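Trainee:
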Amino acid sequence: MEGDNNKTIVIGPQFCSPQPLQLFINKKIYFFSGHGYEVKDDNGNMVFTIENLLGFFRRKLIIFDAANVPILTLKSKHFTWHSRWECFKGDSTDEKDLIFSAKNSSMFQFRRNLDIFLANNISQQVCDFRMKTSYRESNCDIFARQSSTLIAQMDKKYTTGSVFLGRDKYMVKVNSDVDHAFIVSLIVILEEIASSGQGSSTHP
Numbered sequence: 002m003e004g005d006n007n008k009t010i011v012i013g014p015q016f017c018s019p020q021p022l023q024l025f026i027n028k029k030i031y032f033f034s035g036h037g038y039e040v041k042d043d044n045g046n047m048v049f050t051i052e053n054l055l056g057f058f059r060r061k062l063i064i065f066d067a068a069n070v071p072i073l074t075l076k077s078k079h080f081t082w083h084s085r086w087e088c089f090k091g092d093s094t095d096e097k098d099l100i101f102s103a104k105n106s107s108m109f110q111f112r113r114n115l116d117i118f119l120a121n122n123i124s125q126q127v128c129d130f131r132m133k134t135s136y137r138e139s140n141c142d143i144f145a146r147q148s149s150t151l152i153a154q155m156d157k158k159y160t161t162g163s164v165f166l167g168r169d170k171y172m173v174k175v176n177s178d179v180d181h182a183f184i185v186s187l188i189v190i191l192e193e194i195a196s197s198g199q200g201s202s203t204h205p
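In our numbering, each residue's number is its place in the sequence shown (first place is 1) plus 1.
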């Protein structure tokens with residue numbers, strides 16, 4: 002999980018900035034082909050694009066870097082009690098390419114909190130990262146393990162487009178030396194679970 006100088010590396014060292022990073026995630030609605038996401042930095046430069054591939058039994062998203070190279074695939078696992086999602090390298094969904102999995106911290110919860118387990122955490126007795134949302138899920142804190150070490154934060158921006166068209170916007174603050182591709186993948190998983198109405202007792 003960590004590389005040189007205590008960097009938090011999950012996807013790759015190229016996604017760790019020596020300075021704190023601010024990213025903006027826009028959810029894009031395509032009326033005939035589902036939805037996707039665009040991720041930009043505070044200068045308006047495209048960092049990632051995310052395509053949602055709809056399936057009959059499960060959902061799958063592919064994250065592309067600025068050069069349009071697929072770096073991650075996010076896939077939901079249906080028929081599980083904890084709304085589990087898995088993240089794989091590139092455009093693969095082979096178990097050998099699994100990077101991490103994320104699931105609700107509890108089947109019954111008033112806030113949508115997620116536990117994240119790296120692929121080498123076989124027992125999954127203790128999570129490697131965790132996400133805690135506010136009551137109305139307008140913001141989210143991401144922590145390393147069970148500690149109070151905050152590595153990133155997300156704030157959801159409510160606009161006319163988000164209320165009526167589902168075009169949500171998020172501002173994400175990533176601490177220095179933290180893998181921002183990993184953080185973006187977690188925010189997207191959280192939004193996918195929220196939009197499907199899973200993972201909270203306040204959402205049937």
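Heads up, the beta-carbon is just placed ideally off N, CA and C, and yes, glycines get one too.
In this text, all values refer to a predicted model and were calculated from it rather than measured experimentally.
By the 10 Å Cβ neighbour count, where 16 or more other Cβ atoms means buried, how is aspartate 169 classified, buried or exposed?
Mentor: buried
Trainee: Determine the direct distance from the alpha carbon of valine 11 to that of serine 102, and round the result to whole angstroms.
Mentor: 12 Å
Trainee: If distances are taken between C-alpha atoms only, which option among Lys61, Asn46 and Gln147 comes closest to glutamate 52?
Mentor: Lys61
Trainee: Could you please give the first and the last residue of the uninterrupted beta strand (DSSP E) stretch that includes serine 77?
Mentor: 71 to 77
Trainee: Residues in the same chain with beta-carbon distance under 6 Å from lysine 158, minus the five sequence neighbours each way, listed in chain order, please.
Mentor: So the qualifying residues of the chain are Lys170.
Trainee: Note the first and the last residue of the continuous beta strand (DSSP E) segment covering isoleucine 152.
Mentor: Going by DSSP, isoleucine 152 is part of the beta strand (DSSP E) stretching over 151 to 158.
Trainee: Under three-state DSSP, which class holds lysine 97?
Mentor: helix
Trainee: Run the CB neighbour count on arginine 146, radius 10 Å, all protein chains shown included, and call it buried at 16 or more, exposed below.
Mentor: exposed
Trainee: Considering only C-alpha positions, which residue in the set Thr9, Leu22 and Gly13 is nearest to valine 173?
Mentor: The shortest Cα separation from valine 173 among Thr9, Leu22 and Gly13 belongs to Leu22.
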